[in-house]
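Novice: If you read the protein sequences in the order shown, they are chains P and U. Once you know that position 103 of the first sequence is 103 in this note's numbering, the rest is easy, because the numbers rise by one and skip nothing. Once you know that position 358 of the second sequence is 358 in this note's numbering, the rest is easy, because the numbers rise by one and skip nothing. Glycine included, every Cβ here is placed at the ideal spot set by N, Cα and C. If you're wondering where the values come from, they're calculated on a predicted model, not measured in any experiment. Encoded as structure tokens, here's the structure I'll be asking about.
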Amino acid sequence: MARVFSPLPSASTVPAAALGRRPRGGLARALGPDYRMGYLFVTPIAVSVLALVAYPFCYAIYLSMTHKLVGMPPVFVGLENYIRLAEDGFFRRAVANSFTFTFASVVFKLLFGMVMALVLTTNIRFRAFWTGVLLIPWVAPTVVSALNFLWIFDGSLGVLNYLLVKVFRILPQGVGWLSEPGTAMASVIAVNVWRGFPFFGISFLAGMKAIPAELYEAAAVDGANALQRFRHVTMPGIRNIAIIVVLLSTIWTFNDFGIVYILTKGGPGGATMVMPVFTYETAFGAQRLGEAIAVALYLLPPLGITIMVLARYMRKGRAK
Amino acid sequence: MIDSRLRGLAEQVEANQISRRQFLRQAAIITGGTAAGTHVLRSMASAQGKPKLRIWLFKSFVTAGNEVLQKQIEAWAKERNVDIETDWATFGDREQKFVAAIEAGNPPDVAEMNYQGPARYRPALRDLTKVSTEIAGARGGLLPHAERYVVIGGQHLAVARQTWPGGFFVRKDLLDAKGLKMPKVYDPDVVDIAKKTQDPSKDLWGLGQTLNRSDDGNGFMQNILWNYGGSVWDKEGKPALGTSFLKQNVEALQFAVDTITKHKIQPPGVMAWTDVHNNEAYMAGKLVTTNNGASLYYAMVNRKHPLAAQTQVIGTPGGPAGSFLAAGCYSWGIFKASKHADLCEDMIRWVEDEKRFEEYMRTSIGQAGPVYKVRAQNPYWKSDPNFDGMLQNVLRGVWPGYPGPITPAAIEVQAQYILCDMAGRVVVGGLSAEAAVKEAHRRVEEIYKIRSRG
Numbered sequence: 001m002a003r004v005f006s007p008l009p010s011a012s013t014v015p016a017a018a019l020g021r022r023p024r025g026g027l028a029r030a031l032g033p034d035y036r037m038g039y040l041f042v043t044p045i046a047v048s049v050l051a052l053v054a055y056p057f058c059y060a061i062y063l064s065m066t067h068k069l070v071g072m073p074p075v076f077v078g079l080e081n082y083i084r085l086a087e088d089g090f091f092r093r094a095v096a097n098s099f100t101f102t103f104a105s106v107v108f109k110l111l112f113g114m115v116m117a118l119v120l121t122t123n124i125r126f127r128a129f130w131t132g133v134l135l136i137p138w139v140a141p142t143v144v145s146a147l148n149f150l151w152i153f154d155g156s157l158g159v160l161n162y163l164l165v166k167v168f169r170i171l172p173q174g175v176g177w178l179s180e181p182g183t184a185m186a187s188v189i190a191v192n193v194w195r196g197f198p199f200f201g202i203s204f205l206a207g208m209k210a211i212p213a214e215l216y217e218a219a220a221v222d223g224a225n226a227l228q229r230f231r232h233v234t235m236p237g238i239r240n241i242a243i244i245v246v247l248l249s250t251i252w253t254f255n256d257f258g259i260v261y262i263l264t265k266g267g268p269g270g271a272t273m274v275m276p277v278f279t280y281e282t283a284f285g286a287q288r289l290g291e292a293i294a295v296a297l298y299l300l301p302p303l304g305i306t307i308m309v310l311a312r313y314m315r316k317g318r319a320k
Numbered sequence: 001m002i003d004s005r006l007r008g009l010a011e012q013v014e015a016n017q018i019s020r021r022q023f024l025r026q027a028a029i030i031t032g033g034t035a036a037g038t039h040v041l042r043s044m045a046s047a048q049g050k051p052k053l054r055i056w057l058f059k060s061f062v063t064a065g066n067e068v069l070q071k072q073i074e075a076w077a078k079e080r081n082v083d084i085e086t087d088w089a090t091f092g093d094r095e096q097k098f099v100a101a102i103e104a105g106n107p108p109d110v111a112e113m114n115y116q117g118p119a120r121y122r123p124a125l126r127d128l129t130k131v132s133t134e135i136a137g138a139r140g141g142l143l144p145h146a147e148r149y150v151v152i153g154g155q156h157l158a159v160a161r162q163t164w165p166g167g168f169f170v171r172k173d174l175l176d177a178k179g180l181k182m183p184k185v186y187d188p189d190v191v192d193i194a195k196k197t198q199d200p201s202k203d204l205w206g207l208g209q210t211l212n213r214s215d216d217g218n219g220f221m222q223n224i225l226w227n228y229g230g231s232v233w234d235k236e237g238k239p240a241l242g243t244s245f246l247k248q249n250v251e252a253l254q255f256a257v258d259t260i261t262k263h264k265i266q267p268p269g270v271m272a273w274t275d276v277h278n279n280e281a282y283m284a285g286k287l288v289t290t291n292n293g294a295s296l297y298y299a300m301v302n303r304k305h306p307l308a309a310q311t312q313v314i315g316t317p318g319g320p321a322g323s324f325l326a327a328g329c330y331s332w333g334i335f336k337a338s339k340h341a342d343l344c345e346d347m348i349r350w351v352e353d354e355k356r357f358e359e360y361m362r363t364s365i366g367q368a369g370p371v372y373k374v375r376a377q378n379p380y381w382k383s384d385p386n387f388d389g390m391l392q393n394v395l396r397g398v399w400p401g402y403p404g405p406i407t408p409a410a411i412e413v414q415a416q417y418i419l420c421d422m423a424g425r426v427v428v429g430g431l432s433a434e435a436a437v438k439e440a441h442r443r444v445e446e447i448y449k450i451r452s453r454g
């Protein structure tokens with residue numbers, strides 16, 4: 001049988017030795033011929049991740065299981081810090097406050113952000129100007145915003161009480177916005193919402209701009225009113241953006257330290273104590289570093305679950 | 001210029017006395033040795049150069065005092081030919097800075113610490129017994145409260161510098177207008193004065209005293225427990241908040257809360273105040289009385305504020321068991337990691353020299369209170385009628401942990417604002433005074449247990 005001439009014999013028909021290569025082992029077969037080069041490229045990243053993320057994280061887990069005071073070597077105590085925290089009423093209140101603070105803040109930011117985006121998609125005058133103005137809370141440094149609100153909420157010298165009592169005469173006497181049970185948590189939530197809603201708004205705005213106008217036209221031809229167009233065209237169009245924004249905002253709000261610390265330091269009487277402030281107080285007030293890390297690590301499961309749920313929800317949506 | 005040994009080697013190569021390989025080997029040895037020798041010489045030279053000290057100072061609200069201290073230290077550095085790197089810790093970041101530096105093994109050489117420093121940073125601090133006793137001995141000895149702060153476990157872990165005196169600031173013009181006398185006790189004197197002089201419709205309030213998480217709130221809550229015969233600790237330094245002193249502590253807490261909820265002599269929002277709020281409210285003419293450090297008086301005098309002349313600073317009012325208050329102590333600590341402990345001690349001697357301290361004290365307008373017996377007798381304290389109340393407060397000052405010793409647990413109760421939280425749980429949380437005291441007691445016991453491990 002005549003052989004078929006092939007000017008370029010395939011690599012598989014030529015013995016490896018004839019090509020000057022060593023015969024492929026199992027790794028080369030499994031990972032491809034350039035696997036050594038691959039290792040070379042991956043190694044710096046792997047080392048960086050191990051050194052900058054994995055090692056500190058594992059060390060933090062170890063420290064959270066120690067009795068570690070400043071300037072003293074850590075003493076391993078197992079899960080004692082976690083157990084003690086679980087029994088600590090102030091810690092439990094901080095956990096509950098964190099969820100209240102985060103949930104309320106994210107819900108209001110979502111609502112206000114949506115309103116902002118809807119308003120900015122209409123043909124209002126000076127739209128670019130209003131977009132810029134509405135972004136100011138997001139752009140301004142947190143410390144500056146919080147300090148301004150500290151002054152605004154001040155019971156004696158604050159502008160809010162001045163307006164309500166002296167200018168509009170709505171109240172007979174000023175309110176201790178940051179010092180009373182009904183208003184302290186609401187006030188810190190309000191500041192967080194004020195600071196965070198432009199992020200929602202601008203993200204939704206970007207999502208809405210990407211929705212083809214034809215969809216709205218078609219819906220209008222089909223007789224959909226504004227609410228129906230919002231529900232059946234706008235909402236599905238920005239669904240994934242909304243999930244990402246809610247996810248990010250939940251993480252940021254849960255970890256928000258600056259606003260609460262500057263406005264109330266977690267007071268009065270722990271009424272606004274949230275977990276990041278509790279962590280800080282345990283680390284630098286109590287100077288019990290092992291326990292402070294245990295507080296911080298308590299944040300991981302709720303955040304992890306939130307991320308997993310939202311990510312799964314987003315993947316499902318994409319599959320549909 | 002070529003080394004003579006290299007030139008010799010080169011000549012040998014040219015004369016074929018040694019091979020090129022031998023030339024390279026020997027040349028490498030010569031140049032390597034020369035380089036190493038040069039490096040050693042350079043490091044020896046730099047070791048003989050100026051030593052460098054890292055110095056941390058505390059930035060108080062008395063800015064003129066801060067400047068005087070900085071200049072004095074710079075003058076010392078110039079005189080001793082020392083390079084210095086000064087850094088300022090503030091009310092907001094002092095603990096973070098110390099914790100981070102100690103944990104990183106990179107603390108400053110010498111630092112000005114607040115009253116918590118010697119007890120909290122004990123493992124990292126040097127024993128300064130020799131220099132401390134020398135300085136104190138030359139100044140008539142330490143005042144009792146100052147000794148408690150710097151002497152821990154029989155060792156002087158710091159050299160005392162100053163106490164920031166506190167006082168009860170009273171608008172004497174408003175009291176004079178109503179024919180009222182200066183108060184001696186909180187209940188009924190301060191309450192009466194407050195009710196008779198305040199005018200909420202004009203936003204003028206009888207008392208401005210936060211119970212919130214702040215140094216001001218901490219100080220007041222601690223003092224009021226003592227004034228009613230209570231305390232957080234017993235004489236042995238064991239927790240007594242909700243046990244042996246329960247009755248007295250509940251009465252004291254109830255009074256503190258009543259100033260807000262029952263007597264209504266405090267402005268709205270007082271439970272959210274930080275350390276600066278009462279200063280601002282007092283200078284804005286919205287308060288008849290307030291407790292504060294001398295820095296408020298300094299601020300008014302320094303700014304030529306009209307209320308400076310209308311203010312009388314008196315000794316802090318008391319309660320049924322007497323008048324007690326904690327007097328703090330700022331002190332110098334030298335860290336074990338320092339390689340220049342002798343220089344640090346020299347710097348401390350320099351700034352604690354009486355002439356230099358007097359310059360600092362006069363600039364500070366009452367803020368630089370005495371920690372040594374001789375300094376308490378300085379005629380300066382008679383130069384202003386408002387200084388007398390401040391001085392008396394220092395002289396009768398006690399310490400966190402009183403009537404027991406200062407312990408790391410007592411310091412932590414202060415640092416964690418346990419007593420402020422206790423008040424907040426009544427005012428905001430709706431707990432009864434007794435329930436709040438018992439809740440706080442559990443936290444104190446937990447701290448005591450943890451700190452007892454060492």
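Could you pull the DSSP bridge partners for R171/U from this structure?
Specialist: The residue labelled residue 171/U in the question sits at position 171 within the second sequence. DSSP output for R171/U lists T311/U as bridge partner(s).
Novice: Rounding to the nearest angstrom, what Cα-Cα distance links A146/U and C329/U in this structure?
Specialist: On the second sequence, residue 146/U is found 146 positions in, with the first residue counted as 1. On the second sequence, residue 329/U is found 329 positions in, with the first residue counted as 1. So the alpha carbons of these two residues sit roughly 6 Å apart.
Novice: Judging by CA-CA distance, which residue of S452/U, A327/U, E412/U, G429/U is the nearest neighbour of N393/U?
Specialist: Mapped onto the second sequence, residue 393/U falls at position 393. Nearest option by C-alpha distance: A327/U.
Novice: Under 8 Å between beta-carbons, which chain P residues line up against A281/U? List them in chain order, please.
Specialist: The count along the second sequence starts at 1 and reaches residue 281/U at position 281. Per Cβ cutoff of 8 Å: S156, L157.
Novice: Considering just the uninterrupted stretch of the alpha helix (DSSP H) at L289/P, what are its terminal residues?
Specialist: Taking the first sequence and counting its residues from 1, one reaches residue 289/P at position 289. From DSSP, the alpha helix (DSSP H) with L289/P extends over 289-298.
Novice: Name the residue from D215/U, I29/U, D192/U, V427/U whose alpha carbon lies nearest to the alpha carbon of L207/U.
Specialist: Counting from one through the second sequence, the residue named residue 207/U turns up at place 207. The shortest Cα separation from L207/U among D215/U, I29/U, D192/U, V427/U belongs to D192/U.
Novice: Are the region 423-436 of chain U and the region 255-271 of chain P in contact at 8 Å, needing three or more beta carbon pairs?
Specialist: Cβ pair count under 8 Å is three or more, so yes.
Novice: Is the distance from the Cβ of V245/P to the Cβ of S203/P below 8 Å?
Specialist: Mapped onto the first sequence, residue 245/P falls at position 245. Mapped onto the first sequence, residue 203/P falls at position 203. Taking 8 Å as the Cβ cut-off, V245/P and S203/P qualify as a contacting pair.
Novice: Can you give, in chain order, each stretch of the alpha helix (DSSP H) that sits fully within the region 61-120 of chain P and has at least 4 residues?
Specialist: Entirely contained in the region 61-120 of chain P, the alpha helix (DSSP H) runs reaching 4 residues are, in chain order, 80-87.
Novice: Taking only beta-carbon positions, decide if T142/P is within less than 8 Å of chain U.
Specialist: If you number the first sequence from 1, residue 142/P lands on position 142. No - not a single Cβ of chain U is within 8 Å of the one on T142/P.
Novice: Tell me whether G293/U sits in a helix, a strand or coil according to DSSP, three-state version.
Specialist: Start at 1 with the first residue of the second sequence, and residue 293/U comes out as number 293. Strand at G293/U.
Novice: What would DSSP say about W194/P, mapped onto helix, strand or coil?
Specialist: Counting from one through the first sequence, the residue named residue 194/P turns up at place 194. Of the three classes helix, strand and coil, the one that applies to W194/P here is helix, per DSSP.
Novice: Measuring straight from C-alpha to C-alpha, what distance separates P9/P and L300/P?
Specialist: Start at 1 with the first residue of the first sequence, and residue 9/P comes out as number 9. Start at 1 with the first residue of the first sequence, and residue 300/P comes out as number 300. The pLDDT assigned to P9/P is 46, lower than 50, so where the model puts this residue is not dependable, and the model offers no usable value.
Novice: If you reduce the DSSP assignment to three classes, tell me which class Y121/U lands in.
Specialist: Along the second sequence, read from residue 1 onward, the residue named residue 121/U stands at position 121. Three-state DSSP puts Y121/U in coil, outside helix and strand.
Novice: How would you call I262/P, buried or exposed, if buried means at least 16 neighbouring beta carbons within 10 angstroms?
Specialist: In the first sequence, the residue the question calls residue 262/P occupies position 262. Flag for I262/P reads buried.
Novice: Helix, strand or coil, according to DSSP, for R315/P in the structure here?
Specialist: Position 315 of the first sequence holds residue 315/P. R315/P falls in the helix class under three-state DSSP.
Novice: Could you tell me if S156/P is buried or exposed, where buried requires 16 or more neighbouring beta carbons within 10 angstroms of its beta carbon?
Specialist: Within the first sequence, the letter at position 156 stands for residue 156/P. The residue is buried, with at least 16 neighbouring Cβ atoms inside 10 Å.
Novice: Helix, strand or coil, according to DSSP, for D256/P in the structure here?
Specialist: As a position in the first sequence, residue 256/P is number 256, starting the count at 1. Coil at D256/P, not helix or strand.
Novice: To be precise: take each residue of the region 425-442 of chain U, compare its Cβ to all Cβ atoms of chain P, and keep it if any distance is under 9 Å. Which residues remain?
Specialist: Listed by position, the residues of the region 425-442 of chain U near chain P (Cβ gap below 9 Å) are R425, V426, V427, V428, G429, G430, L431, A436, E439, R442.
Novice: What distance in whole Å lies between the Cβ atoms of G49/U and V374/U, which are believed to be in contact at a cut-off of 8 Å?
Specialist: If you number the second sequence from 1, residue 374/U lands on position 374. If you number the second sequence from 1, residue 49/U lands on position 49. Not really, about 39 Å apart at Cβ, beyond 8 Å.
Novice: So the candidates are Y121/U, K78/U, Q96/U, I84/U; which of them puts its Cα closest to the Cα of P408/U?
Specialist: Translated into positions along the second sequence, residue 408/U becomes position 408. Selected option, being the one with the closest Cα: Y121/U.
Novice: Under a CB-based cut-off of 8 Å, is V99/U close to chain P?
Specialist: Locating residue 99/U in the second sequence gives position 99, counting from the first residue. At least one chain P Cβ lies under 8 Å of V99/U.
Novice: Please report the Cβ distance between V413/U and N249/U, rounded to the nearest whole angstrom; I am assuming they are in contact, meaning their Cβ atoms lie under 8 Å.
Specialist: As a first step, residue 413/U must be located in the second sequence, where it is residue number 413. As a first step, residue 249/U must be located in the second sequence, where it is residue number 249. Not really, about 13 Å apart at Cβ, beyond 8 Å.
Novice: How many Å lie between F324/U and V49/P at the Cα?
Specialist: For this step, residue 324/U is matched to residue 324 along the second sequence. For this step, residue 49/P is matched to residue 49 along the first sequence. Approximately 56 Å, taken between the alpha carbons.
Novice: Looking at P123/U: is its Cβ nearer than 8 Å to the Cβ of G71/P?
Specialist: Against the second sequence, residue 123/U aligns to sequence position 123. Against the first sequence, residue 71/P aligns to sequence position 71. Yes, the pair counts as a contact, with Cβ atoms nearer than the cut-off.
Novice: Taking L225/U as the reference, give the member of R148/U, V151/U, F245/U, G397/U with the closest Cα.
Specialist: Residue mapping note: residue 225/U aligns to position 225 of the second sequence, counting from 1. When only C-alpha atoms are compared, the closest one is F245/U.
Novice: Quick check: what's the CA-CA separation for A136/U versus P370/U?
Specialist: The sequence position of residue 136/U within the second sequence is 136, counting from 1. The sequence position of residue 370/U within the second sequence is 370, counting from 1. C-alpha separation (whole angstroms): 12 Å.
Novice: Let me see if you follow: with CB-CB separation under 8 Å, is P123/U close to chain P or not?
Specialist: The residue you call residue 123/U lines up with position 123 of the second sequence. Yes, its Cβ sits closer than 8 Å to a Cβ of chain P.
Novice: Between G78/P and chain U, is the shortest Cβ-Cβ distance under 8 Å, so that the two count as touching?
Specialist: Here residue 78/P refers to the residue found at position 78 when the first sequence is read from its first residue. Not closer than 8 Å to any Cβ of chain U, the Cβ of G78/P fails to qualify, so no.
Novice: For D346/U, which three-state DSSP category applies?
Specialist: Along the second sequence, one-based indexing puts residue 346/U at 346. Helix at D346/U.
Novice: Quick one: is N114/U near chain P, going by C-beta distance under 8 Å?
Specialist: As a working note, residue 114/U is residue 114 in the second sequence. Chain P contact via Cβ: absent.
Novice: Ignore the nearest five residues each way along the sequence and tell me which others in A272/U's own chain have a CB closer than 7 Å to its CB.
Specialist: Locating residue 272/U in the second sequence gives position 272, counting from the first residue. These residues qualify, in order along the chain: N212.
Novice: Return the chain-ordered list of same chain residues with a C-beta closer than 6 Å to the C-beta of W194/P, the five sequence neighbours on each side being excluded.
Specialist: For the purposes of this step, residue 194/P is taken as the residue at position 194 of the first sequence. If we look at W194/P and ignore the five residues flanking it on each side, its Cβ neighbours are P137.
Novice: At which residue ranges does the region 134-174 of chain P contain complete alpha helix (DSSP H) runs of 4 or more residues, listed in the order of the chain?
Specialist: Correct list: 142-153.
Novice: Would a C-beta distance cut-off of 8 Å place F197/P and S98/P closer than the cut-off?
Specialist: Sequence index remark: in the first sequence, residue 197/P carries index 197 (1-based). Sequence index remark: in the first sequence, residue 98/P carries index 98 (1-based). Contact: no.
Novice: Please report how far the alpha carbon of V295/P lies from the alpha carbon of F278/P, in whole angstroms.
Specialist: Residue numbering aside, residue 295/P sits at position 295 when the first sequence is read from its first letter. Residue numbering aside, residue 278/P sits at position 278 when the first sequence is read from its first letter. Answer to the nearest angstrom: the Cα atoms are 8 Å apart.
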